[in-house]
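Each residue of the sequence shown is one higher than the last, beginning at 1 in full-length UniProt numbering. Each residue gets a CB set at the ideal place from its N, CA and C atoms; glycine is no exception. Structure first, commentary second.
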Amino acid sequence: MPHITIYTTMICPYCSRARHLLQRKGVDFEEISVDRDREQMAIMRRRSRRHTVPQIFIDDLHIGGYDDLAMLDARGELDPLLAPGDAQGGDPGGPDE
């Protein structure tokens, strides 16, 4: 399974929506609260180049916020990213010669 990280705050309704969507998908994720942790907030900003929450990563792939996550789900593009194996496509197996 890919490693999913979600940077959140306690009072963010979009963070709650993102958590619920991921829970509905049945995937485990690491939640990092940036409420009172300036170091984690700085890491989130460096990784995402954004300052709002939530910020969601699947492995090293930056998904964005809740709206981005929900859009991927609506397009049917989220489930393949959450499937076991490489979230970014991995090795397609190359041609047989």
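- Under the three-pair Cβ rule at 8 Å, the stretch 41–55 counts as touching the stretch 13–27.
- Cβ atoms of Pro2 and Ile58 come within 8 Å of each other, at about 5 Å.
- Pairwise C-beta distances place the stretch 71–86 out of contact with the stretch 30–49, as fewer than three of them are shorter than 8 Å.
- Rounded to the nearest whole angstrom, the C-alpha separation of Lys25 and Glu39 is 30 Å.
- For Gly64, the beta-bridge partners assigned by DSSP are Ile56.
- The criterion of a C-beta distance shorter than 8 Å is not satisfied by Arg19 and Ile4.
- Rounded to whole angstroms, Ser48 and Arg75 show a C-alpha spacing of 22 Å.
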